[in-house]
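Enquirer:
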Amino acid sequence: MTDAQSFASWWLIVAIFGIVAWPILFRLFRFLPDRGYSLSKTGGLLAVGYTGWLLGNFGFTQVSPGGVMAALMIVGAASLACLRGETSSEIRQWLKTNWGSVLAVEVIFLIAFGFWAYARSLNPTITATEKPMEFAFLNSVLRTGAQPPGDPWLSGYAISYYHFGYVIVGMLTALSGVMPGVAFNLAIALLFGLTATGAFGVVLNMIAAAGKQSLVRAIAPALLGPLFILLGNFNGGLEVAHKLGWLAAEPSQTEACIQCSADNRYCVICQPEAEAACAGCDYKSNFWGWVDIKWTNNPPVASAPGEGMPSFAPDRFLWWWQSSRVIHDRDLFGAEVEVIDEFPFFSFLLGDMHPHVLGLPFVFLGIAFALNLFLGQTDAASKTASVSAAWRPLPWLDLFAGAIILGGLSFLNTWDFPIYVFVCVAAHAVARVRRDGWTDIVWRDGLVLGASLAALGVVLYLPFYIGFRSQLGGILPNVVFGARIQQFIVMFGPLLFVVVPWLGWAAASNFNRANWRSGVASGLATLAGLILICAALTMVILLSGRPEVQSAIDSLIGSAPLPSAPALILRRRLEIERALTPILITAILAVAASLVFGPRRANDGGAPPDSNFPSTAVFAAVLTATGALLTLGPEFVYLRDLFSTRMNTIFKFYYQAWVLWSVAGAFGVWMVLRMARPLGQTLFGAVAAAAVVIGLIYPTLATTTITENWQGTTRDADGDRVATLDGMAYMAFSRAADYRAIQFLNATVKGRPVIAEAVGGSYTEFARVSAHTGLPTVLGWPFHELQWRGTAESFAGREEDVRILYTARDWEAALPILQKYNIRYVYVGPAERSQYGDDGLTKFDRNMNAIYQSDGVTIYEMAGGQ
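Number 201 in this note's numbering belongs to position 196 of the sequence shown; there are no gaps in the numbering.
(1) May I have the straight-line CA-CA distance separating Q858 from D357, to the nearest angstrom?
(2) Hey, is E347 close to the ligand GDP, as in C-beta under 7 Å from one of its heavy atoms?
(3) Find the nearest neighbour of V68 within the set P683, V172, F189, judged by alpha-carbon distance.
(4) Is the distance from the Cβ of A511 to the Cβ of F648 below 8 Å?
(5) Please report the Cβ distance between G206 and S43, rounded to the nearest whole angstrom; I am assuming they are in contact, meaning their Cβ atoms lie under 8 Å.
(6) May I have the straight-line CA-CA distance separating V344 from P28, to the nearest angstrom?
(7) What are the partner residues of E341, as DSSP defines its beta bridges?
(8) Under a Cβ-count criterion, where at least 16 other Cβ atoms within 10 Å of its own Cβ denotes burial, should T259 be classed as buried or exposed?
(9) What does E866 pair with, by DSSP beta-bridge criteria?
(10) Report the residue from F34, F36, A20 whose alpha carbon sits nearest the alpha carbon of V53.
(11) Which of the three DSSP states, helix, strand or coil, is assigned to S859?
(12) How would you label K46, buried or exposed, when you count the other beta carbons within 10 angstroms and need 16 or more for buried?
(13) Give me the DSSP bridge partner(s) of A761.
(14) Report yes or no: do the stretch 212-228 and the stretch 474-488 share at least 3 C-beta pairs separated by less than 8 Å?
(15) Beta-carbon within less than 6 Å of T3's beta-carbon, same chain only, minus the 5 sequence neighbours each way: which residues are those?
(16) Give me, in chain order, the residues of the same chain whose beta-carbon lies closer than 7 Å to that of Y166; leave out the 5 immediate sequence neighbours on both sides.
(17) If you count every other CB in all the chains shown that lies within 10 Å of the CB of V698, and 16 or more means buried, which is it?
(18) Do A26 and G49 have their C-beta atoms within less than 8 Å of each other?
(19) Please report the distance separating the alpha-carbon of D743 from that of P70.
(20) Does the beta-carbon of P366 have 16 or more other beta-carbons within 10 angstroms, so that it is buried, or is it exposed?
(21) What does a CB cutoff of less than 7 Å around G150 pick up in its chain, not counting 5 residues either side in sequence?
(22) Assign I298 to one of three DSSP states: helix, strand, or coil.
(23) Strictly by DSSP, which residues pair up with V435?
(24) Roughly how many angstroms separate the alpha carbons of A1 and A431, rounded to a whole number?
(25) Could you give the residue range of the alpha helix (DSSP H) that holds Y470?
(26) Using beta-carbon positions only, say whether R125 and I193 come within less than 8 Å of one another.
(27) Considering only residues of the same chain and omitting the five flanking positions on each side of P360, which have a CB-CB separation below 7 Å?
(28) Distance, Cα to Cα, F36 vs V668?
(29) Would the stretch 500-508 count as touching the stretch 669-677 if we require 3 or more Cβ pairs under 8 Å?
(30) Taking the continuous beta strand (DSSP E) assigned at V642, which residues delimit it?
(31) Using DSSP's beta-bridge definition, name the partner residues of A163.
(32) Name the DSSP bridge partner or partners of P482?
(33) Please go through the same chain and pick out, in chain order, the residues whose beta-carbon is closer than 6 Å to the beta-carbon of K657, but skip the five residues on each side of it.
(34) With DSSP collapsed to three states, give me the class of R583.
(35) Rounded to whole angstroms, how far is the Cβ of V601 from the Cβ of V435, which I believe are closer than 8 Å?
(36) Report yes if the C-beta distance between W121 and F353 is below 8 Å; otherwise report no.
What follows is the structure in structure tokens.
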């Protein structure tokens with residue numbers, strides 16, 4: 006099957022899934038102007054994926070063409086049930102009226118899917134970062150068939166990680182018949198296309214509902230949705246400025262040398278004769294040292310541009326990587342502490358099929374569900390309190406479908422589940438409060454709705470939770486680290502320079518109708534509450550006297566005596582560049598909350614809402630406030646994991662803040678440019694345009710870099726560049742021996758027999774056989790297993806057993822290990838010889854069958870296939 010045929014098959018399958026599932030969404034999203042059509046493909050994948058997964062857990066189906074078709078037919082039957090009554094005629098009438106928006110959705114999806122499939126074909130290799138692990142999961146899903154899929158890196162165990170996305174991709178792969186190496190890159194392109202379409206769809210519905218206008222008229226401004234979600238942060242612009250040597254300080258004869266900063270990061274300006282005073286500084290520049298983003302806090306190095314690249318394009322090795330590490334934490338004495346702050350475009354550029362990327366399109370489905378709840382409570386004629394009992398604030402279809410959507414987020418990327426349950430409850434409650442005021446029924450329904458969605462979301466995915474283990478171990482206080490304002494602006498600049506002016510304009514335009522007392526109180530109470538929680542947790546931890554606590558303290562304060570630590574910490578947290586970040590975020594939260602709680606209802610004595618602040622602007626403010634909460638929280642607390650830093654909390658929370666602020670910002674641009682006075686439109690438009698232009702620098706130059714100027718990174722046997730979606734194609738030339746052996750295993754070995762291979766560290770070539778075949782091995786990357794399971798109990802001793810298996814000269818020492826793990830195949834290739842040597846390999850020749858032998862690779866099978 007050619008790449009074009011593979012692409013066409015996936016496009017067709019996803020289109021069919023969307024068509025089959027749309028009647029369900031049409032009923033569910035009855036308050037959305039587009040009735041869920043823009044989210045239908047994502048909804049179809051979720052519906053078919055959930056049905057197939059559930060059937061698989063009960064042993065009825067497998068991840069196979071027949072199993073996927075069975076799931077599709079069940080979803081189709083549910084859709085037919087939704088077509089009863091007048092729904093069928095409503096759909097026909099809706100299509101007749103809104104065919105233009107249908108066409109727009111299809112064009113946007115096809116362009117985005119096709120464009121990123123082409124980009125992936127120019128850099129398709131499944132190597133480095135998390136790709137081997139993700140490919141291992143995909144291959145295991147395909148090889149296992151049944152649910153739950155086996156852990157390819159820990160034989161005898163099921164996967165203990167959120168893996169719903171791999172099940173869905175596995176279903177598409179099985180139904181299409183596409184090779185896994187091609188499917189991996191098609192999946193990245195599909196996620197790109199669905200994300201762009203989802204962002205477009207949510208903003209389209211917000212604009213159409215706000216303007217009371219046709220969907221067709223909302224198409225053009227709704228394109229801001231995919232634009233904003235796929236922008237880069239401001240570090241792309243900084244990289245260009247750094248490459249050009251801008252803002253570098255020159256020695257001055259008239260200015261005295263200013264002392265180096267306390268953490269030895271930078272010296273403002275030095276005279277030549279005072280150079281020694283700043284000898285310890287990393288880089289003598291007032292700007293780049295102040296910004297302190299890794300690598301750019303060193304002097305730019307003059308170099309020739311890459312082939313075909315403009316002179317201003319960054320060419321430092323992996324320069325594009327650093328944009329995901331702009332929040333640069335340092336301990337009290339300046340030592341670096343890693344923080345991850347990815348954003349969607351970086352994820353697509355990197356090409357990792359990790360859970361936070363797999364869940365991204367489904368996040369927009371969750372936002373659409375929240376918007377539907379909001380719009381359903383905005384109109385007094387749509388009250389739902391009377392249609393159900395107190396314990397069920399929504400109709401059964403809404404509650405059940407919402408639980409599948411939100412519960413699916415937990416199975417896709419568990420961090421997202423509580424975030425979007427909160428968004429849904431907040432949207433529902435805010436709409437009720439604005440309509441009915443604060444009443445006991447509103448409080449009750451909000452609590453019941455949140456509890457119902459959370460509980461049912463867990464129950465509907467219970468088979469996943471039964472075998473799930475996590476490394477998370479509670480909440481820890483963030484005493485030392487705070488995002489510096491300059492780095493926070495670099496991270497979120499393209500969105501902040503839209504969201505903040507929009508909030509400012511909206512607040513000024515509705516100053517007398519906004520509920521400033523409640524909004525400001527909410528912001529200040531949140532900030533104070535987080536500070537108190539941080540302080541209380543710190544006291545509890547210090548009084549606990551646990552050894553790991555003392556170790557953590559030592560790592561933070563270094564050689565400073567413990568009594569002086571509080572003063573050092575207080576001075577650190579009160580530094581202006583660190584204090585400004587929570588102040589800015591709290592201000593965003595306070596203004597957004599003020600708009601959320603007002604304009605007030607006319608019968609409360611306030612002016613009724615008007616066209617200057619449409620109802621969906623309140624929803625945008627809810628999203629903005631939620632994003633503020635997600636960025637403010639890690640300033641004071643974080644979730645404990647094996648890394649014992651706030652790295653993952655920042656990573657997961659910032660990622661969703663980017664999503665929420667992208668949607669709110671896109672809507673805000675439309676709102677200001679449509680409703681503001683001409684001068685306001687001009688000023689706002691200029692600021693927003695500048696932010697977008699700078700935000701486009703990273704996607705443009707980084708994609709050009711990673712595809713080697715759009716020429717491609719994969720070469721054929723003649724050394725010519727080729728475009729291919731096959732992520733394994735590179736192995737045919739760079740790892741030919743392993744490649745041919747893996748092809749042999751994939752062609753001849755059925756089922757899931759255990760194969761032994763060398764054990765090594767994460768992000769190395771080790772575990773490559775299990776990753777590329779889905780065959781379970783005794784142990785893959787040990788630290789990854791530790792992250793997935795929380796403890797080493799389940800794989801204790803395995804690494805040593807594998808070492809003995811390969812190094813022992815006596816068969817009697819190896820046989821018990823083979824039997825203990827039920828090993829059927831032993832793989833001996835370059836990695837095994839490098840790791841364990843050749844001395845213990847002859848025993849395999851004497852006692853096992855060599856079923857494959859070529860180019861230094863031998864695969865042994867237990868006699869009799871046992």
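Built from N, CA and C at the ideal position, the CB exists for glycine as well.
Expert: Taking the coordinates as given:
(1) Here the question's residue 858 lines up with position 853 in the sequence shown. Here the question's residue 357 lines up with position 352 in the sequence shown. Roughly 33 Å between the two C-alpha positions.
(2) No copy of the ligand GDP occurs in the structure displayed, which carries no ligand at all.
(3) Position 63 of the sequence shown, counted from the first residue, corresponds to residue 68. Comparing Cα-Cα distances from V68 to each of P683, V172, F189, the minimum goes to V172.
(4) Here residue 511 is taken as the residue at index 506 of the sequence shown, counted from 1. Here residue 648 is taken as the residue at index 643 of the sequence shown, counted from 1. No, these two residues do not count as a Cβ contact at 8 Å.
(5) The residue you call residue 206 lines up with position 201 of the sequence shown. The residue you call residue 43 lines up with position 38 of the sequence shown. About 3 Å separates the beta carbons of G206 and S43, which is inside the 8 Å limit, making them a contact pair.
(6) Here residue 344 corresponds to residue number 339 of the sequence shown, with the count starting at 1. Here residue 28 corresponds to residue number 23 of the sequence shown, with the count starting at 1. Rounded to the nearest angstrom, the gap between the Cα atoms of V344 and P28 is 43 Å.
(7) Taking the sequence shown and counting its residues from 1, the one referred to as residue 341 is at position 336. Beta-bridge pairing by DSSP links E341 to R335.
(8) What you label residue 259 is simply residue 254 of the sequence shown in a count that begins at 1. Caution applies to T259, whose pLDDT of 35 falls short of 50 and renders its modelled position unreliable; the model cannot decide the point.
(9) One-based indexing of the sequence shown puts residue 866 at position 861. The partner list for E866 (beta bridge, DSSP) reads Y830, N854.
(10) For the purposes of this step, residue 53 is identified with residue 48 of the sequence shown, where counting begins at 1. Taking each of F34, F36, A20 in turn and checking the Cα distance to V53, the smallest one comes out for A20.
(11) Here residue 859 is taken as the residue at index 854 of the sequence shown, counted from 1. Strand, per DSSP.
(12) Mapped onto the sequence shown, residue 46 falls at position 41. Residue environment: K46 is assigned as buried (16 or more neighbouring CB atoms within 10 Å of its CB, all protein chains considered).
(13) Taking the first residue of the sequence shown as 1, we reach residue 761 at position 756. DSSP lists V831 as partners of A761.
(14) Judged by Cβ distances under 8 Å, the stretch 212-228 makes no contact with the stretch 474-488, as fewer than three pairs qualify.
(15) Given that the chain is displayed from residue 6 to residue 871, the structure contains no residue 3 and the question cannot be resolved.
(16) Here residue 166 refers to the residue found at position 161 of the sequence shown. Taken in chain order, the residues that qualify are W793.
(17) Here residue 698 corresponds to residue number 693 of the sequence shown, with the count starting at 1. With fewer than 16 other Cβ atoms within 10 Å, it is exposed.
(18) Residue numbering aside, residue 26 sits at position 21 when the sequence shown is read from its first letter. Residue numbering aside, residue 49 sits at position 44 when the sequence shown is read from its first letter. At a Cβ-Cβ threshold of 8 Å, A26 and G49 count as neighbours.
(19) To locate residue 743, count along the sequence shown from 1; it is residue 738. To locate residue 70, count along the sequence shown from 1; it is residue 65. C-alpha separation (whole angstroms): 29 Å.
(20) The residue you call residue 366 lines up with position 361 of the sequence shown. Around the C-beta of P366, 16 or more other C-beta atoms lie within 10 Å, and the residue is accordingly described as buried.
(21) For this step, residue 150 is matched to residue 145 along the sequence shown. Cβ within range, chain order: Q67, V68, S69.
(22) Translated into the one-based positions of the sequence shown, residue 298 becomes position 293. I298 falls in the coil class under three-state DSSP.
(23) One-based indexing of the sequence shown puts residue 435 at position 430. V435 pairs with nothing; no bridge assigned.
(24) Within the shown structure, residues of the chain are numbered from 6 to 871, placing residue 1 beyond reach of any answer.
(25) Residue mapping note: residue 470 aligns to position 465 of the sequence shown, counting from 1. In this chain, the alpha helix (DSSP H) harbouring Y470 covers 467-471.
(26) As a working note, residue 125 is residue 120 in the sequence shown. As a working note, residue 193 is residue 188 in the sequence shown. In contact: R125 and I193 (Cβ atoms closer than 8 Å).
(27) Position 355 of the sequence shown holds residue 360. Y167, G170, L417, N418, listed in sequence order.
(28) What you label residue 36 is simply residue 31 of the sequence shown in a count that begins at 1. What you label residue 668 is simply residue 663 of the sequence shown in a count that begins at 1. Going from the Cα of F36 to the Cα of V668 covers about 19 Å.
(29) With a cut-off of 8 Å, the stretch 669-677 and the stretch 500-508 count as touching, because enough Cβ pairs lie within range.
(30) As a position in the sequence shown, residue 642 is number 637, starting the count at 1. Element bounds for V642: 642-644.
(31) Here residue 163 is taken as the residue at index 158 of the sequence shown, counted from 1. Partner(s): G155.
(32) Mapped onto the sequence shown, residue 482 falls at position 477. According to DSSP, P482 bridges with V642.
(33) Within the sequence shown, residue 657 is the residue found at index 652, counting from 1. Once the five neighbours on either side are set aside, the close Cβ partners of K657 are W420.
(34) Position 578 of the sequence shown, counted from the first residue, corresponds to residue 583. The answer is helix: DSSP assigns R583 an H, G or I state.
(35) Reading the sequence shown from its first residue, position 596 is the one you call residue 601. Reading the sequence shown from its first residue, position 430 is the one you call residue 435. Here V601 really is in contact with V435; their C-beta atoms are around 6 Å apart, less than 8 Å.
(36) Against the sequence shown, residue 121 aligns to sequence position 116. Against the sequence shown, residue 353 aligns to sequence position 348. F353 is positioned such that its CB atom lies closer than 8 Å to that of W121.
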